[in-house]
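Participant:
There are 2 protein chains.
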Amino acid sequence: MAVPRSGGHISAAPPTLADVAELAGVSRQTVSNAVNNPDLLRADTLARVQDAIDKLGYQPNRAARSLRTRASHLIGLRMPALQEGTANAMMDRFVHTFVEAAAETGYHVLLFYGDPADPLDGYDELLRSTAVDAFVVTDTHLGGQQTTWLQSRRARFVSFGRPWTQPDAKHPWVDVDLAYGAEIATEHLIERGHSKIAWIGWHKDSLLGEERRSGWIHAMHTHGLSTTGLASRTEDSIGSGKAAADAILDETEPTALVCASDTLAMGVLHSLFERRLRLGEDIAVVGFDDSQVAQTVPPGITSVRPPLEEAARELVKALEELLATPSYAAPGVMLKPVLTVRGSS
Amino acid sequence: MAVPRSGGHISAAPPTLADVAELAGVSRQTVSNAVNNPDLLRADTLARVQDAIDKLGYQPNRAARSLRTRASHLIGLRMPALQEGTANAMMDRFVHTFVEAAAETGYHVLLFYGDPADPLDGYDELLRSTAVDAFVVTDTHLGGQQTTWLQSRRARFVSFGRPWTQPDAKHPWVDVDLAYGAEIATEHLIERGHSKIAWIGWHKDSLLGEERRSGWIHAMHTHGLSTTGLASRTEDSIGSGKAAADAILDETEPTALVCASDTLAMGVLHSLFERRLRLGEDIAVVGFDDSQVAQTVPPGITSVRPPLEEAARELVKALEELLATPSYAAPGVMLKPVLTVRGSS
DNA sequence: ACCATGGCTTGGAACGATCCAGAGTTCCAC
DNA sequence: GTGGAACTCTGGATCGTTCCAAGCCATGGT
Numbered sequence: 001m002a003v004p005r006s007g008g009h010i011s012a013a014p015p016t017l018a019d020v021a022e023l024a025g026v027s028r029q030t031v032s033n034a035v036n037n038p039d040l041l042r043a044d045t046l047a048r049v050q051d052a053i054d055k056l057g058y059q060p061n062r063a064a065r066s067l068r069t070r071a072s073h074l075i076g077l078r079m080p081a082l083q084e085g086t087a088n089a090m091m092d093r094f095v096h097t098f099v100e101a102a103a104e105t106g107y108h109v110l111l112f113y114g115d116p117a118d119p120l121d122g123y124d125e126l127l128r129s130t131a132v133d134a135f136v137v138t139d140t141h142l143g144g145q146q147t148t149w150l151q152s153r154r155a156r157f158v159s160f161g162r163p164w165t166q167p168d169a170k171h172p173w174v175d176v177d178l179a180y181g182a183e184i185a186t187e188h189l190i191e192r193g194h195s196k197i198a199w200i201g202w203h204k205d206s207l208l209g210e211e212r213r214s215g216w217i218h219a220m221h222t223h224g225l226s227t228t229g230l231a232s233r234t235e236d237s238i239g240s241g242k243a244a245a246d247a248i249l250d251e252t253e254p255t256a257l258v259c260a261s262d263t264l265a266m267g268v269l270h271s272l273f274e275r276r277l278r279l280g281e282d283i284a285v286v287g288f289d290d291s292q293v294a295q296t297v298p299p300g301i302t303s304v305r306p307p308l309e310e311a312a313r314e315l316v317k318a319l320e321e322l323l324a325t326p327s328y329a330a331p332g333v334m335l336k337p338v339l340t341v342r343g344s345s
Numbered sequence: 346m347a348v349p350r351s352g353g354h355i356s357a358a359p360p361t362l363a364d365v366a367e368l369a370g371v372s373r374q375t376v377s378n379a380v381n382n383p384d385l386l387r388a389d390t391l392a393r394v395q396d397a398i399d400k401l402g403y404q405p406n407r408a409a410r411s412l413r414t415r416a417s418h419l420i421g422l423r424m425p426a427l428q429e430g431t432a433n434a435m436m437d438r439f440v441h442t443f444v445e446a447a448a449e450t451g452y453h454v455l456l457f458y459g460d461p462a463d464p465l466d467g468y469d470e471l472l473r474s475t476a477v478d479a480f481v482v483t484d485t486h487l488g489g490q491q492t493t494w495l496q497s498r499r500a501r502f503v504s505f506g507r508p509w510t511q512p513d514a515k516h517p518w519v520d521v522d523l524a525y526g527a528e529i530a531t532e533h534l535i536e537r538g539h540s541k542i543a544w545i546g547w548h549k550d551s552l553l554g555e556e557r558r559s560g561w562i563h564a565m566h567t568h569g570l571s572t573t574g575l576a577s578r579t580e581d582s583i584g585s586g587k588a589a590a591d592a593i594l595d596e597t598e599p600t601a602l603v604c605a606s607d608t609l610a611m612g613v614l615h616s617l618f619e620r621r622l623r624l625g626e627d628i629a630v631v632g633f634d635d636s637q638v639a640q641t642v643p644p645g646i647t648s649v650r651p652p653l654e655e656a657a658r659e660l661v662k663a664l665e666e667l668l669a670t671p672s673y674a675a676p677g678v679m680l681k682p683v684l685t686v687r688g689s690s
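These protein sequence lines map, in sequence, to chains A and B.
Using the working numbering, the first residue of the first sequence is number 1, and each one after it goes up by one.
Using the working numbering, the first residue of the second sequence is number 346, and each one after it goes up by one.
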């Protein structure tokens, strides 16, 4: 296996199966077997072929293999277009692990971004040209359009995100239990002695937002705490986070805030900064996503950390099975986030 | 061109050139020409073939095309492995634009990460299996190993980052003028009335660090300001940024700080937080990279913003030319960053 | 009327791998 | 010693596209 990085001679054209076969004194098919089904060969033949492979630095031509086997060993990963300022920057933790886990199982990742307004943008071309073996869908919360369409095209795919609108969907998926995340965030604050804990979340029509919100409500009610006047709903932006914080701090004077995202938490920080309140001393804040920002801003924002690395690995595992057995129908996997406690609480 | 997304019938196998040819009543080659050299066909024939293509939703099979033409229309993009906490998170601005610009010219991007300790990791396999047409190298500051090796393998590539150690390198590259960035950052502070402006930078052996540092020195000296006792060199981490800030604030009492990275700037913020100093009022801070963090932390950190989008587009342009004419030798492109002014100064 | 020209179209070969069916060996049981 | 299974290995066909050389046909000049 120890292929010398820079072979002695630099040939213009890479060696082919036939070259190896000739050098080893066997047929093409035997070389092919040596690569793909080594146990079909007699030990000494295998060794001879391996020698030839190593000597020439042979690696199968992907295009040729792909043409014959109808498998490209490429996974299409569609990422949501990122907006300036919004902290979906945490997604590169996901991408990174996904790419590495995929590489370990022999798959490469073809990254693409689609027009956010058109959930189907980008899939079609890759599918028609049989460029990828499967897709990873990363924003199922935008509705089931993508998944139903992919299904109708008989495309293979897994999703990072539960099938919100179709509970009976058959494709493998992995998601993070967001309600639980909001719950542990809230309970952490309750343990710290807070009882007036406000929620700054997203609009009602956001599935993710409502899910997270329910965790806060559940935790509050479980501990006999009231939530009236403590919730606000707004856009996922710093500006509206600040506005919401301003309003709720003036009206209800909570001692702690749970935010549906780190972006909103940053909005809160802006409000605190203006009011010359000290984060973590005068008021406690918990964010969501454990983004770079939460990790680095002093004194650190306690944040709900989605297990993105684990999610990526689970998705790769599901993909592997899906591609091995086309009829594979996995149960969805729900992962639990953990709370990273920092100075803000 | 308006291909219906979900064709009337869902065929198990995608249509091939031969299918189109039969439907249009022409030969395979004519269909191929209709796709690749439309001007070779008579107008009416072209129309007929186009009809058939549209009707069947035909798209050339990538593997077959790639096998024949020896071009995969894939670009391998090697990203440096990201470390927790460090703000190279800004790179997804780059990745995003690069992917989109590449898509516009018909190229897809195959993302991979290499072992940071081994600059060559990952390239070899993709190259041998002729999986990609070219590479984008993103961390030339780690030394010329990658580029010399790629050159010796006759691989096509462009780099985001000047060829630091080999000024005579022939490959196209794009880079950002970091010294200039530090210079405008420093001058901005001078304009704001500061004269005791400290530098918090990286160790001497960091090429990028020295480059940025030189911009600060140049600006200071140009305005007749002294730099003695105002510079410190440390690791690129929050902890060491804080330590450096602590030391320099105690010793020299500067009124403003220029940091070699936003990560270091965040370290400074930690120091300020502890000292109960208000960012932007008691002391001015300028960062580098214009990361998410700089954009969102209140009151916003003034930061040198590298034109990553422009860099990505330039690289795609260079790649296009490189792949069209193999002998293409472009001059390097040096882009100027801009300063994004925020509350911290 | 003829040949050369150029525009348009065609069938066969090739890219480099795997699938498939069969051929040659070896080995063991009867 | 023979039949047959099990183990190895092989050559031809094939995946879907583009390259290549040649063919057809109308046009125009001689």
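Even glycine gets a Cβ: it sits at the ideal position worked out from N, Cα and C.
Small disclaimer: the values here were computed from a predicted structure and weren't measured.
With the cut-off set at 8 Å, would you say A:ASP133 and A:ARG153 are in Cβ contact?
Facilitator: no
Participant: Could you list the residues in the segment 87 to 121 of chain A with a C-beta less than 7 Å from some C-beta on chain B, going in chain order?
Facilitator: Of all residues in the segment 87 to 121 of chain A, the ones placed with a Cβ closer than 7 Å to any Cβ belonging to chain B are ALA87, ALA89, ASP92, HIS96, VAL99, GLU100, ALA103, HIS108, VAL109, LEU110, LEU111, PHE112, TYR113 and LEU120, in chain order.
Participant: Can you tell me which residues form a DSSP beta bridge with A:ILE200?
Facilitator: A:SER232 and A:CYS259
Participant: Enumerate in chain order the residues of its own chain whose CB-to-CB distance from B:SER577 is below 8 Å, with the five nearest sequence positions on each side excluded.
Facilitator: ALA543, TRP544, ILE545, GLY546, ALA589, ALA592 and ILE593
Participant: Does any C-beta atom of chain A lie closer than 8 Å to the C-beta of B:VAL638?
Facilitator: Taking a beta-carbon distance threshold of 8 Å, B:VAL638 counts as an interface residue toward chain A.
Participant: Nearest to B:ASP513 by alpha carbon, out of B:SER690, B:LYS681 and B:GLY677?
Facilitator: B:GLY677
Participant: Only counting runs of 4 or more residues, tell me where the alpha helix (DSSP H) segments fall wholly within the segment 10 to 50 of chain A, in order along the chain.
Facilitator: Counting only unbroken stretches of 4 or more residues, the alpha helix (DSSP H) elements lying wholly within the segment 10 to 50 of chain A are 17 to 24 and 28 to 36, in sequence order.
Participant: According to the neighbour-count rule (16 or more other Cβ atoms, all chains shown, within 10 Å of its Cβ), is A:ALA2 buried or exposed?
Facilitator: At A:ALA2, the pLDDT of 33 sits below 50, so the modelled position is not reliable; the number obtained from the coordinates is stated separately. In this structure A:ALA2 is exposed. Its beta-carbon is surrounded by fewer than 16 other beta-carbon atoms within 10 angstroms.
Participant: In the segment 149 to 172 of chain A, which residues sit with their C-beta less than 8 Å from some C-beta in chain B, listed in chain order?
Facilitator: TRP149, SER152, ARG153 and ARG154
Participant: Below 8 Å between beta carbons: does that hold for A:ALA290 and A:VAL268?
Facilitator: Contrary to the premise, residue 290 of chain A reads as Asp rather than Ala in this sequence. Their beta carbons are not under 8 Å apart, which means A:ASP290 does not touch A:VAL268 by this criterion.
Participant: Taking buried to mean at least 16 other C-beta atoms within 10 Å of its own C-beta, is A:GLN146 buried or exposed?
Facilitator: buried
Participant: Starting from A:ILE283, follow its DSSP beta bridges and name the residues at the other end.
Facilitator: A:LEU279
Participant: Secondary structure at A:HIS108, three-state DSSP: helix, strand or coil?
Facilitator: If DSSP states are grouped into helix, strand and coil, A:HIS108 belongs with the strands.
Participant: Show which residues of chain B have a CB atom less than 7 Å away from the CB atom of A:SER66.
Facilitator: ALA408
Participant: Taking all protein chains shown into account, decide if B:LEU385 is buried (16 or more other Cβ within 10 angstroms of its Cβ) or exposed.
Facilitator: exposed
Participant: Closer than 8 Å, CB to CB, is B:ALA592 near chain A or not?
Facilitator: no
Participant: Residues of chain A with CB under 8 Å from B:PRO405, in chain order?
Facilitator: SER129
Participant: Roughly how many angstroms separate the alpha carbons of A:ALA87 and A:TRP149, rounded to a whole number?
Facilitator: Confidence at A:ALA87 is low in this model, with a pLDDT of 46, below 50, so its placement is unreliable and no value can be given for it.
Participant: Below 6 Å CB to CB, which residues in the same chain sit around A:THR340 once its five sequence neighbours on both sides are set aside?
Facilitator: ASP290, SER303 and ARG305
Participant: Which chain A residues are close to B:SER417, counting only those with a beta carbon under 7 Å from its beta carbon?
Facilitator: What B:SER417 touches in chain A: ALA63.
Participant: Is B:VAL481 close to chain A, meaning its C-beta is less than 8 Å from at least one C-beta of that chain?
Facilitator: no
Participant: So which residues of chain B does A:PRO14 contact, with C-beta pairs closer than 7 Å?
Facilitator: ARG473 and THR475
Participant: Exposed or buried, which one is B:THR475 when buried takes at least 16 other CB atoms within 10 Å?
Facilitator: By the neighbour-count rule (16 or more Cβ atoms within 10 Å), B:THR475 is buried.
Participant: List the endpoints of the continuous alpha helix (DSSP H) containing A:ASP246.
Facilitator: 238 to 251
Participant: Taking all protein chains shown into account, decide if A:ARG65 is buried (16 or more other Cβ within 10 angstroms of its Cβ) or exposed.
Facilitator: buried
Participant: Consult DSSP for B:THR485 and reduce its assignment to one of helix, strand or coil.
Facilitator: helix
Participant: In chain order, what residues of the segment 615 to 643 of chain B put their CB closer than 7 Å to some CB of chain A?
Facilitator: HIS615, PHE618, GLN637, VAL638, GLN640, THR641, VAL642 and PRO643
Participant: Taking the continuous beta strand (DSSP E) assigned at B:SER504, which residues delimit it?
Facilitator: 502 to 505
Participant: Taking B:ASP484 and B:PRO425 to be in contact with their CB atoms under 8 Å, please state how far apart those CB atoms are, rounded to whole angstroms.
Facilitator: 5 Å
Participant: Check whether the Cβ atoms of A:ALA311 and A:PHE112 lie closer than 8 Å to each other.
Facilitator: no
Participant: Could you tell me the distance, in whole angstroms, from the CA atom of B:GLY430 to the CA atom of A:ARG275?
Facilitator: A caution first: B:GLY430 carries a pLDDT of 48, below 50, which makes its placement in the model too unreliable to give a value.
Participant: Taking C-beta to C-beta, are B:ALA527 and B:ARG558 nearer than 8 Å?
Facilitator: Closer than 8 Å, so yes.
Participant: According to DSSP, is B:SER648 helix, strand or coil?
Facilitator: strand
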